[in-house]
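Counting with my numbering, you get residues 47 to 196 for the letters of the sequence shown. Glycine included, C-beta positions come from ideal geometry on N, C-alpha and C.
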Amino acid sequence: MWKRLLELLGWVHRSGWVHGAVLPDHALLHARDHGVVLVGWSAATWAAGAPEPLPCFSRAREAFYPKALRDGVACAPAHDLVMSARVIAHVLGGGPEAVPAKVPAPVGALVRRCAAGDLPTEDAWALKDAVAAAAKQVWGPPRYVKFTLR
47 MWKRLLELLG WVHRSGWVHG AVLPDHALLH ARDHGVVLVG WSAATWAAGA PEPLPCFSRA
107 REAFYPKALR DGVACAPAHD LVMSARVIAH VLGGGPEAVP AKVPAPVGAL VRRCAAGDLP
167 TEDAWALKDA VAAAAKQVWG PPRYVKFTLR
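Here it is in structure tokens:
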């Protein structure tokens, strides 16, 4: 799921935009296509122009935003990446910056590091490659796994 979210953010960022609100409620899983759809674009900003602070943010999901954004710093692609890691930590059963101990070490360490704002890269495509490497270390080469929602 994180790899698909990062692919989407890679396209968004290279198009000159920053989503600004990568939250659990905004990352919709598309089971049939093994993809993720990102909704909730009201906080999106044009990154290629003059940097601007977020026009709005969700107080109910405040912990998912990096502190800098809550303090009015201009939104940047790196903020979307930090929020994506916090969403994944949440989906794995933790909190925005807490990854459950049951998550395999290489994957958990990467999620934890990125959720804390210590990104190995500020490029979504390069971060996707880091996620793929951590997953391969734990589960081996990628393979198709049928996903069904009940």
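For Ala120, there is no enclosing alpha helix (DSSP H), as DSSP marks it with neither H nor E. One alpha carbon belongs to Pro123, the other to Arg158, and they sit about 18 Å apart. Your pair Ser130 and Leu55 checks out as a contact, with CB atoms roughly 6 Å apart and the cut at 8 Å. Taking C-beta atoms under 8 Å as the contact rule, Leu100 and Ala93 fail to qualify, at a distance of about 12 Å. Positions of the alpha helix (DSSP H) runs, each at least 4 residues long and wholly inside the segment 63-116, are given as 113-116 in order along the chain. In the three-state DSSP reduction, Gly141 falls in the strand class (E or B).
DSSP places Arg60 within a helical segment (H, G or I) once states are collapsed to three. With respect to the 9 Å criterion, Ala135 and Ala144 are classified as neighbours on the basis of their beta carbons.
With a cutoff of 9 Å on beta-carbon distance, Arg132 and Phe103 are scored as not near each other. By the Cβ rule, the segment 56-67 counts as touching the segment 170-188, because three or more pairs are nearer than 8 Å.
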